[in-house]
Every structure is written in structure tokens, then in C-alpha cells.
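Counting in my numbering, the sequence shown runs from 188 upward without gaps.
Yeah, the Cβ is synthetic: ideal placement off N, Cα and C, and Gly gets one too.
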Amino acid sequence: VCTKARQQASNMLGLSNGGKAVLTLVLGPMLGSMSDVHGRRFLWIGTLVAAQMGYLAIFLHTLGFMDLGPFFIFNTINGLLLPALLAVVSDEYQREQRAMAYGLLIATFEVSILIGPLMGKWLTVERGMGLVNISGFVSILAACCFGETLPRSQRLSREETALVQRWRPDIALRILISNTLFRRLSVIVFFSTLPMAGSQQCFLMFLEAAFGFDRVRCSGFIVILAVCGLVIQMLVLPTLIPAVGVSKTLLIGLVLQLVQNLLLTFVHTPASVLVACILGGFGTMVFPCVAALKSAAAGEQEQGRVQGAVSALQSSTMGVGPVVYGAVFAWTLGDGVPGGHPMPSATFMLSVVALIIAIAFASTIEKYVPEECKHTRPPSVRRSVSLLRRLSRTLSGTSLQEGLSPGPACTDSECGSPATADLSGSGVTTGGASAVDCGRAS
188 VCTKARQQAS NMLGLSNGGK AVLTLVLGPM LGSMSDVHGR RFLWIGTLVA
238 AQMGYLAIFL HTLGFMDLGP FFIFNTINGL LLPALLAVVS DEYQREQRAM
288 AYGLLIATFE VSILIGPLMG KWLTVERGMG LVNISGFVSI LAACCFGETL
338 PRSQRLSREE TALVQRWRPD IALRILISNT LFRRLSVIVF FSTLPMAGSQ
388 QCFLMFLEAA FGFDRVRCSG FIVILAVCGL VIQMLVLPTL IPAVGVSKTL
438 LIGLVLQLVQ NLLLTFVHTP ASVLVACILG GFGTMVFPCV AALKSAAAGE
488 QEQGRVQGAV SALQSSTMGV GPVVYGAVFA WTLGDGVPGG HPMPSATFML
538 SVVALIIAIA FASTIEKYVP EECKHTRPPS VRRSVSLLRR LSRTLSGTSL
588 QEGLSPGPAC TDSECGSPAT ADLSGSGVTT GGASAVDCGR AS
């Protein structure tokens, strides 16, 4: 009975995650475009509430009040939280500082991966889910107090968005192929995310099949991978980007991710697995760098659309990766393998090929990167509004936007002719871009 229940739960979770990938692909860019018009707050708080409803359903299930059906439904919406948070970070930080800020955001997810197992070890299921729900409601309250991050002066007008029908997912996604840099970065996102998603699917089964490790020892390697990712996001990434730039940091992360998969493919010792887990932490540098490069090359009025499109591409790849790698891994353990002997490590050859393609594209993007993203400074908040001031303004009913100080502007003599922003990715432009858009690389 327990085995059948686990299989049913696994199948339902797989369907839910597949629905999450599809929903993020379809709605991510569209909702991001809407946030460029109406502000970030509705999308940010809405995704937090949806995620919290899923955790509340699990908590009520542990108490015997309902089944897990509502959780699987709300879980499909969770994929929209990351693009919402990325857009908020884009509003709060200067372009050249966003890669490091994105890295710190991703580091918070790494922290949750470490805290979760500890909660499961020391708390009962009911108390653990109760704590999760309390923290979720606190995060919703904090988001409400934080206020709006996109000033009205930097939002797109409804007339501009209606002109190019940005609410349509196919048009919203066109920004991924709107210029040479975006096209190359989209290829990098796909071929770097595919190995990461596939490895998550079969890494534990690989350790069991190749080395005979039990679940406890396998979990130890997962913890090492999470710790390394956290350390790299919080310490290495903020140090490396000012030293070599975002594009070179992206290339370094891809190369080290390639070395990781080469070790897993050709070196069959427990020590090599440990080294591979350490190197795998550097793979977490790739997505913040890609998100920062696309953010720097887009206008301030298109940050929601850009981050929604990037997250949609990554989410769809996360849905494809487990399917592809699961099939390949099953084939490497079957009788059809050349030589007739199981070769679970051969699965990572697929990662090697994908990462070589990503590295080939990453090595050529330097000349397309905007100048402001080549010279970085340590991250500092662009608008000098502390959380305490936001809270006091929110409670007093004062308009928060009056307290926001936008990024440094440049004059027409410094920037040349007024900038134009490509709204559809198909040549439709609108004049009158904000001053912060002046000097953007074409």
C-alpha cells in the first residue's frame, strides 16, 4: 500500500511540475509584461499567496482535513514566483550590479534547501508544516509592507502595450530573439539548464547504481552540493564579477560545470563524486549572469517582460530535462547498451555535449554585452528607501513613489538622440524612453 501511494504521489507531482513548466512558459512573459504596465506588487504578492495556499493544503492534509489535490494545483503557479522576484531586484539595483544581486537571491533558495532537511529531522510533519505556513504568511506580510518597486514614471503606458499586443505569450516571448545577444543567451540558458535539470532527475539513482551508496550517503552529497552553491553565490560571485566581468564569470561557470560532468563520466571513484559536487556549485553562477546580461540589454520599462521570458525558457527546459535524462539513464542500465554492461555514467555524456555548445556561444558574447555590464561595482540598493521607511509610508497611506529616488539620469547632450525601445521584438519601437535607458547598447 505504501509503495503504491508513493508511486501515485510521484506521478501526481510529476504532472504538477510539468504543468508548472507549461504554465510558466505561457504566463511568465505575459504577466511580466503586465507588471511593466501595472507595477510588480500584484504579481509578486499574488504568486506568494498562491504558493502559500499550496503549503496550507499540505498542512491541512497532515491534520486529516483534505487530500493533496489543491497542493498539486497551486504548485503549478509556483514557477511564476522567480520571474516576479527577479523583476523586483531589477527595479532595486543598477544594471551593472544585478548579477551579484540575482546571485544573492538564488542563495536564499540554497539556504532553504539546507534548512528543510534539518526541520524534517527534528520536527514532526505537522509542526514542520506549521512552521512553513507561519514563515509563508510572514513573507506575504513583508511583501505587502515593502511596497511597489516600479515607479509610475518608468512604467509603460497601456496604449504602448496595446499597440503591439504584449499580452499575447507568443509576442511576449519574442524578446528572447529580438537581438544577437538575446538569441545567444537563450541558447546558453537552454543548454546549461538541460544538464542541471537532468542531473537532478538521475543523480541519486546514478550514485546507487554506480557506487552502491545508500540513501543516507547520497543525501550527504546533495547537502555538499547545496552548501557549495550557497558559498559560491554569497562569496565567490560578488568577488569574481567585479574582477573579470559578468560575461567571463558566465564562461567560468560553464567551464567548471563541464569539468564536473567529465569527472562523473570518466572517473569512477567516490572522491571524484565529491570533487564533482564542489564544482557543481559553480554551475549556479550561470543563471544570475544570464539574467543580468539580458536585464542590462533591455530597457527599464521591459524588465518584467525580460525576466518572465528568461524564467519561462528555463522552466520549460527544467520540464524537458528530466524526461530526456530519465529515458537515457534507463537505456544505459538496460540490455541494449553496447557491450551488454550497464553504464550509468554514460548519461553525463549528454551533459558534456550540451555544455560544449553552451560554452561555444558564451565565448562569443563579450562584444555584444553593454558597456555598463562590463564594469561592475559591489551591489548597493538604487533607491534609498529602507524597509522601515516603506513600512511607515504604507501604514500612513503616503504614496511610496514620492520617496523613491530613481537611478542617475543623463542629459540629452550626454546620451545623444532620444532612445527607442523595441516593444515587440519585431521592430516596433516607441520613443521617449526614460533617462536611465540612455546609453543602452543596441
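Nearest neighbour of residue i, chosen from the options [CA to CA]
i: ALA288; options: SER502, VAL477, LEU520, MET505; result: VAL477
i: ILE232; options: ALA330, LEU372, PRO429, ALA274; result: ALA330
i: VAL556; options: MET306, LYS207, THR436; result: THR436
i: VAL510; options: VAL236, MET383, VAL497; result: MET383
i: GLN490; options: LEU272, ALA430, MET392; result: LEU272
i: PHE453; options: ALA237, MET536, PHE324, TYR280; result: MET536
i: ILE671; options: VAL325, GLY467, VAL497; result: Only positions 188 to 629 of the chain appear in the structure, and residue 671 is not among them; the question remains open.
i: SER386; options: VAL224, SER532, ASP254; result: SER532
i: MET421; options: LEU441, PRO338, ALA286; result: ALA286
i: CYS332; options: LEU391, TRP309, THR249, ARG228; result: ARG228
i: VAL374; options: TRP309, SER550, ILE544; result: ILE544
i: ILE552; options: THR311, ARG371, HIS225, PHE246; result: ARG371
Distance between residue j and residue i (C-alpha atoms, nearest Å)
i: SER222; j: GLN239; result: 21 Å
i: GLN447; j: ARG404; result: 19 Å
i: LEU218; j: LEU243; result: 24 Å
i: GLY467; j: THR519; result: 23 Å
i: SER482; j: PHE369; result: 10 Å
i: GLY506; j: ASP254; result: 25 Å
i: VAL631; j: LEU230; result: The question about residue 631 has no answer, for the chain in this structure spans 188 to 629.
i: LEU391; j: THR504; result: 20 Å
i: PHE246; j: MET316; result: 5 Å
i: ILE327; j: ILE264; result: 16 Å
i: VAL433; j: PHE469; result: 14 Å
i: THR426; j: PHE252; result: 50 Å
Residue i classed as buried or exposed, judged by whether at least 16 other C-beta atoms fall within 10 angstroms
i: PHE261; result: buried
i: THR367; result: exposed
i: GLY399; result: exposed
i: ALA294; result: buried
i: PRO457; result: exposed
i: ALA430; result: exposed
i: SER322; result: exposed
i: SER299; result: exposed
i: VAL275; result: buried
i: ARG492; result: buried
i: ARG282; result: buried
Residue i (DSSP reduced to helix, strand or coil)
i: THR211; result: helix
i: PHE159; result: Within the shown structure, residues of the chain are numbered from 188 to 629, placing residue 159 beyond reach of any answer.
i: VAL556; result: coil
i: LEU343; result: coil
i: GLY432; result: coil
i: THR551; result: coil
i: GLU335; result: coil
i: LEU520; result: coil
i: SER406; result: helix
i: SER365; result: coil
i: PRO529; result: coil
i: GLY495; result: helix
Interface flag, residue i vs chain B, CB-CB below 8 Å
i: VAL325; result: Protein chain content of the structure displayed is limited to a single chain, and chain B is not contained in it.
Any beta strand (DSSP E) of 3 or more consecutive residues that is wholly inside the stretch 453-488 | none
Please go through the stretch 232-319 and give each complete alpha helix (DSSP H) segment of 4 or more residues, from N-terminal end onward.
-> 256-262, 268-279, 285-309
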